[in-house]
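Participant:
Numbering (my numbering), first residue to last: 2 to 234.
(1) Write down every uninterrupted run of the beta strand (DSSP E) in the region 113 to 139 whose length is 3 residues or greater and which is fully enclosed by it, in chain order.
(2) Determine the direct distance from the alpha carbon of residue 160 to that of residue 34, and round the result to whole angstroms.
(3) May I ask you to report which of helix, strand or coil DSSP gives residue 110?
(4) Taking its Cβ as the centre, do 16 or more other Cβ atoms sit within 10 Å of residue 1, making it buried, or is it exposed?
(5) When the Cβ atoms of the region 24 to 41 are set against those of the region 131 to 147, are three or more pairs found closer than 8 Å?
(6) Could you give the DSSP three-state label for residue 196: helix, strand or coil?
(7) Under 8 Å Cβ to Cβ from residue 41, same chain only, skipping five residues before and after it: list those, please.
(8) Just checking my contact of residue 168 with residue 174 at CB under 8 Å: how many whole Å lie between their CB atoms?
(9) Where does residue 160 sit, in a helix, a strand or coil, going by DSSP?
(10) Assign residue 76 to one of three DSSP states: helix, strand, or coil.
(11) Go through its chain and collect everything with a Cβ distance to residue 112's Cβ below 6 Å, but skip five positions before and after it.
(12) Give a yes or no on whether the C-beta atoms belonging to residue 211 and residue 150 are separated by under 9 Å.
(13) Under 8 Å, with one C-beta from each stretch per pair, do the region 103 to 112 and the region 69 to 80 reach the 3-pair mark?
(14) Just list the residues that DSSP pairs residue 83 with in beta bridges.
(15) Answer with yes or no whether the minimum CB distance from residue 164 to chain D is below 9 Å.
Structural data, given as structure tokens:
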């Protein structure tokens, strides 16, 4: 009986610890939102099966689309639910298909195949095995993403310059804009990423005409948080 009680107590302690950690992260993100004036969506790459949240996504969905609809709800992607091959490639779920993606891009864009092969090869992708990607989950976010107006990006950039004392170098692409060139690039390069979107993310992702896509690692956001409010214009 005592061992059972001890087991229950340990389970309760672990659960309470997770809840407290999540509450702390939510508070930190809210503080960053107040400082930046931007609503951020947390993104987490899961490599551990035990850490994957319950899947609340029941229909095929694009990653860029989920960024918009996840505000207020949690969405968890696995490879069978994600319906964009570009995002699958970015997350390491579509391997050895760059040639097919390049041919498809050439047909759609009018670029020659040599160019599209190069463009596709330059999109960041995850090399480590990822089992799922969650959006809107605050347990342990890797990246924060938002669709924002240029003025908000400028204020974020000024805050970054204040912290690091240099200009921010960015790579821009019109391909796999939200998944590869923002979410994955921020995760891999550990810095702010900016994108004008791609045709699919503009069509399906809910990015408005006057908005850009911006992402940054959660840990970097917390560093900026420590510096206080974003600079005034």
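We put the beta carbon where it would ideally sit given N, CA and C, even for glycine.
Facilitator: A quick look at the data gives this:
(1) Complete beta strand (DSSP E) runs here, min 3: 133 to 136.
(2) For residue 34 and residue 160, the distance between alpha carbons rounds to 13 Å.
(3) Helix at residue 110.
(4) The requested residue 1 does not occur in the structure, where the chain is confined to residues 2 to 234.
(5) Judged by Cβ distances under 8 Å, the region 24 to 41 makes contact with the region 131 to 147, as three or more pairs qualify.
(6) Residue 196: strand per DSSP, three-state reduction.
(7) Here the set comprises 30, 33, 34, 145, 146, 147, 222.
(8) With a beta-carbon spacing of about 19 Å, residue 168 and residue 174 fall beyond the 8 Å limit used to define contacts.
(9) Secondary structure of residue 160 (DSSP, three-state): helix.
(10) The answer is strand: DSSP assigns residue 76 an E or B state.
(11) Excluding sequence neighbours, residue 112 sits near nothing in its chain.
(12) Yes. Within cutoff.
(13) Contact between the region 103 to 112 and the region 69 to 80 is absent, with fewer than three C-beta pairs closer than 8 Å.
(14) Within the DSSP secondary-structure output, residue 83 pairs in a beta bridge with 62.
(15) As a matter of chain content, chain D is missing from the structure shown, which is built from one protein chain.
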